[in-house]
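In my numbering, the protein residues as written are 41 to 309.
Glycine included, C-beta positions come from ideal geometry on N, C-alpha and C.
These numbers were taken from a predicted model, which means no experiment stands behind them.
The block underneath contains the structure these notes are about, expressed in C-alpha cells.
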C-alpha cells in the first residue's frame, strides 16, 4: 500500500480503497483502525463508495466493487505493461531476497510504480528508510542519483539539463560529487544498459536498474533491485536483471494484443 492520510478527500478515498484491496474484505472497524481515520469519516466515505459501485458489501464489511473492475479493465487496455511484470519481479525477489521492482515510464518521463515485491524481513527497512514505496516518483534533481532515474533520463539530455538547472543537492555523502561525474554516470547507462548506484540517494541502500524497451526502441519501463545492507553487491544481479528486461520487452507485444482484446470486449458490453 502506498497511500497515507494526507488530509484530502481524494487521499482518504484512495487509502480506503487500497486497504480493502489488500485485505479482500475488510470491516468498517478494521478500516478505521488501519487508516487511523475517525469512524464517522470511514462510514461516510465507504457508504459513498458503495453507492457509486466502487465498493460493495461482503460478509465482514466491504470489498472492491464492480465499477472498479470495469475501470480496471479499461485501464489495462491502455497500460498492458503492468500485466506482465509480476512473474519477473517475483523471480528477482527470489534470487536476491532484496526489493525488486518494475516501473513504467510515461511520455513525460514520470516514473510510475507497477509492481514492487520484498520479503517480510525487508518490510521494516522499506517502511522506515525508504518511506514505503512511492506510487509515482517526484520529478526532482535527486532522481538523477537513483539508478532508475538515470535509466529514465539517459536518452533525454535536455531534461537532464533542466533538472540540473534547478539546482543539485547531494542526497548523501556517497553521492556523485560533481556535475561532470553525474553526467558521466548517466551517459554510462547508454553503454552498459544498466545503472548502478551505491548509497547515492539513500544511506544504506544500493540499486541496480535496467531499461525495458518498447517496439520503437525507446525505454518504456524500468526493472530493478534495491538492496539494503553493506554485504549486498548489485553487480551480482546484473545478468539476471538484463535477461528480465529483455524478457519483459518481448512480452509487451503479447500483452498489448491481449489488452486490446480485453478493452474491445469491455466496450462491447
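Could you please give me the residues that DSSP links to residue i through a beta bridge?
i, result
"residue 235", "249"
"residue 103", "96"
"residue 268", "245"
"residue 259", "253"
How would you label residue i, buried or exposed, when you count the other beta carbons within 10 angstroms and need 16 or more for buried?
i, result
"residue 86", "buried"
"residue 241", "buried"
"residue 66", "buried"
"residue 49", "exposed"
"residue 37", "Absent from the structure is residue 37, since the part of the chain shown begins at 41 and ends at 309."
"residue 99", "exposed"
"residue 268", "buried"
"residue 52", "buried"
Can you find the residues in the same chain that come closer than 7 Å, C-beta to C-beta, to residue i, ignoring five residues on each side of it along the sequence?
i, result
"residue 126", "155"
"residue 207", "181"
"residue 121", "144, 154, 260, 261, 292 and 295"
"residue 40", "This structure leaves residue 40 out entirely; the chain is present only between 41 and 309."
"residue 222", "184 and 216"
In its own chain, which residues sit with a C-beta less than 6 Å from the C-beta of residue i, not counting the 5 before and 5 after it?
i, result
"residue 79", "72"
"residue 94", "105, 107 and 108"
Excluding the 5 residues preceding and the 5 following residue i in the sequence, name in chain order all residues of the same chain whose CB lies nearer than 8 Å to its CB.
i, result
"residue 277", "132, 135, 136, 248 and 265"
Which whole-angstrom value is the C-beta distance of residue i and residue j, which I expect to be below 8 Å?
i, j, result
"residue 288", "residue 252", "5 Å"
| request: With a floor of 4 residues, list each alpha helix (DSSP H) that falls wholly inside the region 123-200, ordered by position along the chain. | output: 126-136, 163-169 and 187-193
| Uninterrupted alpha helix (DSSP H) stretches inside the region 42-79 (no shorter than 4 residues) | 49-63 and 68-75
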